[in-house]
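I have placed the structure first, in the form of structure tokens, so that the comments after it can refer back to it.
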Amino acid sequence: GITGSTHFDYIATDLSALLLNKQDMTLAIIGILFITISFMFKLGAAPFHYWLPDIYQGTKLTITTLIATTPKFAIFVLYVRFLTQILPDFSYIWKPLLLIFSVLSVLFGTMGALRQKKIKRFLAYSGTMNIGFILLGVAQFTKAGLAAAGFYMFIYLVTIMGIFASLMYMKKKGFEIQNFDDLKGMSEQYPLLSFSFCLGIISLAGLPPLPGFIAKAYVLYAVLLEEHYFIAIFGVMSTVIATAYYLNLLKSFMIDAVQKIYTQTAKQTGPTIKLIIFSLITAILFILLTPNIWIQIANKTAIDLLH
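Just so we're aligned, residue 1 is where the sequence shown starts under this note's numbering, counting upward by one.
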């Protein structure tokens, strides 16, 4: 509003002029604060994440998949562009805010997921935790930080799509998947599905050697470069705690005996879901074997954004 424009370059020029001329920055600071909060709300970052579990739980699986992937990527790209092209001179304002929101997201996401038995709500809190790690990278506002955040977002999207595709496959087969217990013994009947689902969950947990581990390590490396040692330790501890609830989900899927067979008539899954699952398995394994290629792409993108 204070710049009278919606063009990125014009807004950046006018805001820089305000700062250079040492004019009253009250309205600019308020604007930056509200813009940051609006992006945090859209990304499902804490403490603006409470709508997310209810939305995940109350929508159809296909809609939940859409909410968990495409909008988050688009909003993330827009937010990073906004910070790098419009607000680089105001990083002293938004960087502390972003660090606070990222730490809160990791904390609330981890604690919230620990108490969940419903799969969709669990994945919602897991998403909040992972957004926290992504924002940790962005908050460093360095080449390494932005590259790590972009790489992490890419890995998260591929992984979560694989998990939701597996859940859609189960639903098409006639299983009503709502709670952890509904997954019991599923791996015995569908080996390919089991491999896909477990690959996604283990990667999401950040366990080596899968891409999720590389992404988390990359973010923590960027944090350590800026000497935020306590935040890095906090990130490691949160990952260790989070591993417990991811393994609990895997236990239901892989180890526990079958208690429930069908709740509805099985439908033909068709080639689409199978193709998606196979493609995402291939993508995760390809990223695992060629991480340097993707990290180089992320680094190049970060350099372009910062210049």
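By construction, the Cβ of each residue, glycine as well, lies at the ideal position given by its N, Cα and C atoms.
Who does residue i pair with in a DSSP beta bridge?
i	result
N292	Per DSSP, none; premise fails for N292.
K118	N179
DSSP three-state label for residue i, please.
i	result
M129	helix
I86	coil
E188	helix
M111	helix
Buried or exposed for residue i, going by 16 or more other Cβ atoms inside 10 Å?
i	result
A266	In this prediction, A266 scores a pLDDT of 46, lower than 50, which makes its location untrustworthy; no coordinate-derived value is stated.
F48	buried
A17	exposed
W51	exposed
F197	buried
L83	buried
K60	exposed
G369	The shown model of the chain, from 1 to 307, leaves out residue 369, and the question about it has no answer.
V240	exposed
G309	Any answer about residue 309 is impossible in this case: the structure gives the chain only from 1 up to 307.
M168	buried
R81	exposed
M237	exposed
G132	buried
T263	Reliability fails at T263, whose pLDDT of 45 lies under 50, so the model's placement of it is uncertain and no value is given.
Y56	buried
P191	exposed
N292	exposed
Q259	Unreliable positioning characterises Q259 in this predicted model, as indicated by a pLDDT of 49, which lies under 50. A coordinate reading is not provided.
A244	exposed
Which residues mark the beginning and the end of the alpha helix (DSSP H) in which residue i is found?
i	result
F195	191 to 205
G145	143 to 172
P208	Per DSSP, P208 belongs to no alpha helix (DSSP H) and is neither H nor E.
M254	229 to 254
Self-check item: Continuous alpha helix (DSSP H) assignments of at least 4 residues falling wholly in the region 37 to 84
Solution: Inside the region 37 to 84, DSSP marks whole alpha helix (DSSP H) runs of 4 or more residues at positions 51 to 58, 61 to 68, from first to last along the chain.
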